[in-house]
Amino acid sequence: MRFEIMRLDDVDGAAVDRTVVDAASVNRIVQQAAAIGQRIYIRPAESPAS
């Protein structure tokens, strides 16, 4: 499964950066964001149309 991770602006919460990663990478990204106090939003990535 793949997830879209958006880094959020500290002032207004708007997404400033987006990336799609596999499930194995989510924990590492969450740990990095927590270490520096960065706000992120994670959701399942949409599958490409078949």
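The opening position of the sequence shown corresponds to residue 971 in my numbering, with each subsequent residue numbered one higher.
Glycine included, each C-beta is placed from N, C-alpha and C at the ideal position.
Here the structure is a predicted model, which means the values were calculated and not measured.
Pair within 8 Å by beta-carbon distance, Ala1015 and Val986: Taking 8 Å as the Cβ cut-off, Ala1015 and Val986 do not qualify as a contacting pair.
Three-state secondary structure assigned by DSSP to Ala1003: In the displayed model, Ala1003 falls within a helix according to three-state DSSP.
Endpoints, the beta strand (DSSP E) within which Ala985 is located: Per DSSP, Ala985 belongs to the beta strand (DSSP E) from 985-992.
Bridge-paired residues (DSSP) for Met976: Bridge partners of Met976: Arg988, Tyr1011.
Three-way DSSP call (helix, strand, coil) for Ser1017 in this model: Ser1017 falls in the coil class under three-state DSSP.
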